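Residue numbers (full-length UniProt numbering), protein chains in the order written: chain A, 1 to 568; chain B, 1 to 568.
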């Protein structure tokens, strides 16, 4: 059984020492009123308690039990009821919600940390509140006040949950091929018909109602993805008083049997002329859904990090406990803990150096979103747009790599279910696939986010980082050299693409990954830079420097291969 | 349900065009008599039939059913009986066995191909005959004629199977810590007591008897791994006529629940004063067991390749079938097969270029073993020793990478059990762990195989390859440059290790991996070189060249990062 303790000290270090988010909070009246580092610490401690003590200890049981479907009713593992109640009673369901409708209005930098803890504790469980939080973002932005008042309080309290219904079996991520239809009714509502697959939490027993956000085409829809509209389709249609009323014409047709996240209900949802309500403008559903998708994509990165953090903690503990082999000991009957084996250290350091850079990276991205949301900071929004696909794809790729390393530390025991390490590998694998595969993220990064503005935002970011770098520091210089070569490469790729249309799509994955490694290098330098002002244990400072050194020596050179691949 | 067709054309190309194994066969009377390329082709075709038609179609069912333990009896999936019968009736169980005792005496270059096909078809099933074949190698080498005559014919016919019992729960790969005991009896036999874990095929219902090769310590054993002896401990003790007689005092205590290879019985085996017979000399059991381990380690590489081959075939077929997105098509309602997406091609090409180099590599290593075995070629044995840890570790690491890429091509469907892709990932993962973790392989390569002779064999190999390379060919030059840098690096590491003892163990993994990529580069150049003389389809030649180009452009640069990491 794998253990978990939330890395609160590192979270505080990232928030208050590295990124000094308290400076941004002070600039925003809505945040300054309720948030100081001490309050935030107390919040994180409370969330950690639930994750460590209630959710994490039963994640393995959830994996073994999975979800069951009988006569359209989906049953989750028994303890999920208690998990969910505890989560809602703690007020966590509405943590980042609009205070006007009962949300807590908390910034993304904190909700990201919650996401990570939840994903360490149990990815499958995290998806039930996670999908709801994403749907709320879309409702906050696109719904009328009346609709918000009807749905948001119930979703923030966790009494109701929500889904996003995009995928159809023949179309996958190609939403333009969608066949689901919406027919306008005399009362202003719509009749929604179609079948959606891979609907996370499409049906379950944790809430009294489920609000589906469904993409479908109106009769007069233009062809392709420009003709898609978004609809609110509740499982139980709210009555005039806002209570769950009539059962809507929709049902769960089947659930998928998957490699992992067994306790997450992945449903085929059939809409048989179900009553739906248009959300946002006709034919503009995709943009609205992307609000939700972008929110989810950042949370995906936390899945990679969360699983890798728990994997690392357990591998580290195992490496200290397990006696095998002799490194310094000469007595043939005495074994030493395997942590003294250099190769075990290599694996543990690889995970730790990637995890702590990842936590820094997600804090940085979240801070940009907060600046955009609370301060209307255009640059923050641009940066968040640029970095979101990296947060999704790069962090989940590393999530797989790191959980596999951690499993490897356990030797044969890593392959046995009992120890819980193989579950982390199986569970985290989905994060590279859903919410847009990592290949789609890479294309989004290269084609839209970089080529879309001729590299302006990326190159400006590089220039800003280079400006910050210290010419007298060898690691700073090492990163500066990489950034300069990457700038040249970026410009060269954009030029060469004029003559070779497929070039950018062809190199998209390597390009996304290259930028991931460079920015993680920046994260390590930012962390080292923060060590002076941080009031943290001297051993922690020592370890941070050691991990920075490890990253620059053993991980960052991967950028060299990627540069070489893409050079002309 | 995933499909499988044995890659017979590529196997023939590797055997007869690239490595021209027929030249070696002609030099060896025992082989020249019975083997010509045509016979070998017919043999491979027959093996392919069983793998394609009988074993592969039910591998998913085997995964779902798994093995069951009740009252010490292990039940395998029902169809495994038929699989096993077909395998034995085809004579495959004794394929590489000693003809004097009923084996077919076939060379390793062919049995490696069988291993690959079996692993594509069903890794879990492949382990039952696989362990037996490994045990036979040890018996052939260390048993007396009398013992050989008693056991080998039954093992070659498949009537009996065999195991290797090394691991104890507190010791893992640290065999020196072993506690199992062997007490000498008056009749020359021994009473074996102890508990072994992770015993593949330790108990099952496919054969009438199971012969355990058990490591244990004699009462006068020196401490550590120099005090270990090897014993034959049959489940049913053969009577005077060689038929299974009295039940021995050993039993399966439990079976493991694992991430994958569910239908392989991974047993805890308890020996309660069981009757055993010394195999080889007292205290020299480890060397004898290593004969078996080395055989198995090569077969592990085939597990990585076999799983990746099947994964690639299915991903390729899916990419042709699946319509999604538009690359050249402008009509928003018309989707194109995803194989036209450059990123899907990148994944497929990555797998193909690694698989075909891997098949070339394992043929090369197997040929060295054949030269050593049939022609007493000392250089062949040295080369096989050097390359075995790379075959085990590098090929299984790539097995995971490639099955993950193939699963990714399927998008969400890759995560669903129904499609069979996630099973390949789960099944292949064990190959990085068992038979000595890949970290242990890397240490073996760096510390024993390279540092052990001050780099002599490795550097001589590099020199030989460089000598063969064509100075006028840019890809040849590219590889030559890498080999020169790697030679310098190897010498530098060995020198630096004099002052820093942990250095070699620290860099062992990167060093092993670096050599893997360079040798795969050599494999591609050897394949391209063979294209002129090969009588193969022009499209195949074109594809081979394309894959070589892809490897040199997109994969080999990974060596750059590894060189950089290890440089001073």
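Where is the CB? At the ideal position from N, CA and C, for every residue including glycine. Keep in mind the model is a prediction, meaning the values are calculated, not measured.
For the pair residue 112 (chain B) and residue 396 (chain B), the Cα-to-Cα distance works out to about 15 Å. Contact annotation, residue 447 (chain A) with residue 518 (chain A): C-beta distance approximately 19 Å; criterion of less than 8 Å not satisfied.
Taking a C-beta distance under 8 Å as the contact criterion, residue 169 (chain A) and residue 132 (chain A) do not qualify as a contact pair. Interface with chain B (8 Å Cβ-Cβ cutoff): residue 174 (chain A) is included. Around residue 434 (chain A), the beta-carbon contacts reaching into chain B at under 7 Å are 412.
One Cα belongs to residue 129 (chain A), the other to residue 158 (chain A), and the distance between them is close to 8 Å. Closest by C-alpha distance to residue 440 (chain A), out of B:261, B:344, B:401, B:48, is B:344. In the structure shown, the three-state DSSP call for residue 466 (chain A) is helix. In this structure, residue 423 (chain B) keeps its C-beta atom at 8 Å or more from the C-beta atom of residue 115 (chain B). Taking CB atoms only, residue 437 (chain B) has a neighbour in chain A less than 8 Å away. At least 8 Å separates the beta-carbon of residue 559 (chain B) from that of residue 13 (chain B). Distance from the CA atom of residue 404 (chain A) to the CA atom of residue 251 (chain A), rounded to whole angstroms, is 37 Å.
Taking one beta carbon from each stretch, the segment 276 to 295 of chain A and the segment 223 to 234 of chain A have 3 or more pairs nearer than 8 Å; the two touch. Within the same chain, Cβ atoms closer than 7 Å to the Cβ of residue 338 (chain B) are found at 319, 322, 324, 325, 344, the five residues on either side in sequence being excluded. Residue 74 (chain A) is bridged by DSSP to A:69.
Boundaries of the beta strand (DSSP E) around residue 254 (chain A): 250 to 255. In this structure, residue 455 (chain B) lies near residue 494 (chain B), with their beta-carbon atoms less than 8 Å apart. Between residue 166 (chain B) and residue 175 (chain B), the CB-CB gap stays under 8 Å. If you look at residue 212 (chain B), you'll find it in the beta strand (DSSP E) that goes 209 to 216. A straight line joining the alpha-carbon of residue 377 (chain B) with that of residue 225 (chain B) spans about 30 Å.
Among the residues facing chain B, residue 509 (chain A) is included, as its CB has a counterpart in that chain under 8 Å away. Under DSSP, residue 438 (chain B) takes part in no beta bridge, so it has no partner. Within chain A, the residues 557, 560 have their CB atoms less than 7 Å from the CB of residue 564 (chain B), given in chain order.
By the C-beta density criterion, residue 491 (chain A) is exposed, having fewer than 16 other C-beta atoms within 10 angstroms. Residue-level contact by beta carbon holds for residue 257 (chain A) and chain B, with a gap shorter than 8 Å. For residue 430 (chain A), the nearest beta carbon of chain B is closer than 8 Å to its own beta carbon. Taking a Cβ-Cβ cut-off of 7 Å, residue 473 (chain B) has no neighbours in chain A, whose nearest Cβ is about 19 Å from it. Fewer than three beta-carbon pairs drawn from the segment 179 to 188 of chain A and the segment 236 to 250 of chain A are found closer than 8 Å, and the two stretches are therefore not classed as touching. At least one beta carbon of chain B lies nearer than 8 Å to the beta carbon of residue 422 (chain A). Residue pairing from DSSP places residue 200 (chain A) in a beta bridge opposite A:266. Around the beta carbon of residue 408 (chain B), 16 or more other beta carbons lie within 10 angstroms, which makes this residue buried. Residue-level contact by beta carbon fails for residue 489 (chain B) and chain A, as no gap is shorter than 8 Å. Counting only runs of 4 or more residues that sit fully inside the UniProt domain "Acetyl-CoA dehydrogenase-like C-terminal" (461 to 566) of chain B, the alpha helix (DSSP H) segments are 474 to 499, 503 to 531, 538 to 550, 558 to 566, in chain order. At a cut-off of 8 Å between C-beta atoms, residue 314 (chain A) does not count as an interface residue with respect to chain B. In the DSSP assignment, residue 285 (chain A) falls within the unbroken alpha helix (DSSP H) covering 285 to 321. Three or more beta-carbon pairs separated by less than 8 Å are not found between the segment 55 to 71 of chain B and the segment 94 to 111 of chain B, which leaves the two stretches without contact.
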